[in-house]
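Undergrad:
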Amino acid sequence: MIKIRIDLAKNSYYIFLKNNIFNYVAKCHKKNYPGCRAIIITDNNVKKFYLTSFTNNLSKNNVKFNSYCVFPGEKSKSFHSLENLTDKIIKKGVNRNDVIYALGGGVIGDLAGFLSSILLRGIKFIQIPTTLLSQVDSSVGGKTAINTKIGKNLVGTFFQPSAVFIDPNTLITLPKKEFLAGYAEVVKYSIIDDKLFFNWLNKNSKDTFNLKSENIYKIITTCIKKKAKIVKLDEKEKKTRMLLNLGHTFAHALENELNYKVRHGEAVSVGILMAMKLSQKLGYAKKEDYYVLENHLKSSKLPIKLKQLSNNKNWQIKSIINKMQTDKKSYKGNIQFILCKGIGAAFIKKDIDTNLLKKTIEEFYI
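Numbering (our numbering), first residue to last: 625 to 990.
1) Return the first residue and the last residue of the beta strand (DSSP E) that G728 is part of.
2) Cα-Cα, which of H704, L902, I626, T873 is closest to L980?
3) How many Å lie between L743 and S893 at the Cα?
4) Rank L906, S691, F971, K953 by C-alpha distance to the C-alpha of K983 and give the top, closest one.
5) In or out: I663 buried (at least 16 other Cβ within 10 Å) or exposed?
6) So, does the stretch 814–822 touch the stretch 966–973, judging by three or more C-beta pairs under 8 Å?
7) Measure the alpha-carbon distance for M625 versus N644 and round it to whole angstroms.
8) Check the DSSP bridge columns for I752 and list the partner residues they point to.
9) So, with DSSP's three-state summary, where would you put L980?
10) What does DSSP give as the partner residues of I665 in its beta bridges?
11) Answer yes or no: do K953 and T873 have a C-beta to C-beta separation smaller than 8 Å?
12) Considering only C-alpha positions, which residue in the set Q960, K925, I959, A877 is nearest to I944?
13) In whole angstroms, what is the alpha-carbon distance linking V687 and C660?
14) Determine, using beta-carbon pairs with one atom in the stretch 879–898 and one in the stretch 694–714, whether at least three such pairs fall under 8 Å.
15) Can you have a look at A633 and say buried or exposed, based on whether 16 or more other CB atoms are within 10 angstroms of its CB?
16) With three or more beta-carbon pairs closer than 8 Å as the criterion, would you say the stretch 749–762 touches the stretch 720–732?
17) Which residue from Q940, I630, K937, E987 puts its Cα closest to that of Y1020?
18) Is the beta carbon of L926 less than 8 Å from the beta carbon of L804?
19) What does DSSP give as the partner residues of G780 in its beta bridges?
20) Measure the beta-carbon distance from S702 to N771 and round it to whole angstroms, keeping in mind my assumption that it falls under 8 Å.
21) Determine which residues share a DSSP beta bridge with K973 and list them.
22) Between E861 and the rest of its own chain, which residues show a CB-CB distance below 6 Å, the 5 nearest in sequence each way excluded?
23) For the pair the stretch 923–937 and the stretch 773–792, tell me if three or more CB-CB distances fall below 8 Å.
24) Can you tell me which of L835, F782, D858, Q940 puts its alpha carbon nearest to the alpha carbon of E881?
25) Have a look at R720 and L757 and give me their C-alpha separation to the nearest angstrom.
26) What's the call for I840, buried or exposed, on a 16-neighbour Cβ count within 10 Å?
27) For R629, list the residues DSSP reports as bridge partners.
28) Mind checking whether T950 and G780 have CB atoms under 8 Å apart?
29) How far does the alpha helix (DSSP H) with A808 in it extend, from its first residue to its last?
30) Considering only C-alpha positions, which residue in the set I928, Y807, P753, A736 is nearest to F782?
Written out as structure tokens, the structure reads:
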């Protein structure tokens with residue numbers, strides 16, 4: 625088993641990586657929270673594969689539990705879903721000693737984490753991420769949120785989990801497109817500050833998608849350690865942690881434009897490429913950096929153009945830019961972008977010329 629500490633000023637915790645981890649989770653619950661109920665939040669897709677296995681292990685360890693399912697996808701990150709879920713949990717009975725388990729991907733982690741932070745003014749919360757995206761990124765660092773009609777993740781809290789339990793075997797049942805969506809976040813980490821990691825991904829791209837390869841452990845642990853290092857320096861995203869949003873200013877606007885009917889990682893793929901193109905236009909990155917990144921995303925079967933996100937969408941640049949104005953990183957009315965001085969060298973940039981932004985987005989129409 626691999627054990628990684630997330631070291632924070634307060635509320636430090638561990639991430640555990642192990643195949644077939646449910647029995648270990650149940651034993652940890654019995655030891656650390658004796659007599660406390662496990663409240664499991666999952667979605668209908670994950671339920672089919674893993675809920676019974678998890679609850680059987682809880683029962684074997686004499687842990688009482690209740691489970692709740694929501695619809696898969698970003699639509700469940702809403703006030704409506706939050707209210708329905710909260711009411712169901714309260715009606716069945718809950719107290720501050722109980723523990724909420726987020727069994728699923730990024731949506732479940734965000735929704736369950738936010739609910740945990742506000743239910744009874746805060747109860748313990750544990751992540752069991754089952755997608756690549758959630759294992760390498762969203763389950764680490766304590767960001768929780770739901771969406772509004774205006775934008776993505778605009779209502780939320782910083783609320784650290786008590787632990788994160790990762791079973792790479794859960795990726796076996798993950799649809800290929802979901803795995804690829806998570807891989808976009810992996811590429812993001814390499815672009816931020818690790819050209820050697822990017823080169824390794826490029827060299828080992830065929831093995832990356834072989835879940836029987838040891839490479840998947842390297843990918844997950846590398847990303848977690850990178851995020852842990854940044855979160856330790858800037859837990860509440862005042863400055864350094866913003867770097868983790870590389871490509872996300874574009875991506876969140878694109879997701880909103882498509883009414884969240886696109887995978888987050890797919891939007892991130894186009895978003896990080898847009899960020900590199902903008903960096904190139906501003907003279908920070910070279911053409912070579914852009915083309916190397918584009919080729920890697922393309923060879924990984926990730927989208928690199930707007931039409932690959934939606935064939936039917938009549939994209940409006942003005943609308944995309946307006947959506948960017950609601951980005952959480954905006955400062956004094958100005959959009960802040962995460963740009964790159966080449967692969968492995970991200971930085972924060974303010975005051976981007978709107979015309980240059982328009983020209984950048986236009987290049988992704990074709």
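Beta carbons are placed, not taken as given, at the ideal position from N, Cα and C, and that holds for glycine. Predicted model, so just to flag it, every value in this text is computed and none were measured.
TA: In terms of the structure at hand:
1) In the DSSP assignment, G728 falls within the unbroken beta strand (DSSP E) covering 723–728.
2) The shortest C-alpha separation from L980 is found at L902.
3) If you take the alpha carbons of L743 and S893, they lie about 34 Å apart.
4) Taking only the C-alpha atoms, the option nearest K983 is L906.
5) Looking at its Cβ environment, which holds 16 or more other Cβ atoms inside 10 Å, I663 is buried.
6) With the rule of 3 Cβ pairs closer than 8 Å, the stretch 814–822 counts as touching the stretch 966–973.
7) Rounded to whole angstroms, M625 to N644 spans 11 Å at the Cα level.
8) For I752, the beta-bridge partners assigned by DSSP are L727.
9) DSSP places L980 in helix when its eight states are reduced to three.
10) Answer is Y692, A726.
11) With respect to T873, K953 sits close: the two C-beta atoms are nearer than 8 Å.
12) Cα-wise, what sits closest to I944 is A877.
13) Looking at the two C-alpha atoms, the distance is approximately 8 Å.
14) Three or more beta-carbon pairs separated by less than 8 Å link the stretch 879–898 to the stretch 694–714, which places the two stretches in contact.
15) Exposed, because fewer than 16 other Cβ atoms sit within 10 Å of the Cβ of A633.
16) For the pair of segments examined, the stretch 749–762 was found to touch the stretch 720–732: the number of CB pairs separated by less than 8 Å reaches three.
17) In the structure as shown, the chain begins at 625 and stops at 990. Residue 1020 is therefore absent and cannot be evaluated.
18) The answer is yes: Cβ separation under 8 Å.
19) Beta-bridge pairing links G780 to A769.
20) The beta carbons of S702 and N771 sit about 6 Å from each other, so the pair counts as a contact at 8 Å.
21) For K973, which the question treats as bridged, DSSP gives the partners F961.
22) Closer than 6 Å at the Cβ level, and outside the excluded window around E861, lies no residue.
23) Output reads no: the stretch 773–792 does not touch the stretch 923–937.
24) Checking every option, the nearest Cα to that of E881 belongs to Q940.
25) Their backbone Cα atoms lie some 29 Å apart in a straight line.
26) Buried, because 16 or more other Cβ atoms sit within 10 Å of the Cβ of I840.
27) BP columns for R629 point to Y638.
28) No, the pair does not count as a contact, with Cβ atoms beyond the cut-off.
29) Taken as a continuous stretch (DSSP letters only), the alpha helix (DSSP H) holding A808 covers 800–817.
30) With distances taken between Cα atoms, F782 lies closest to A736.
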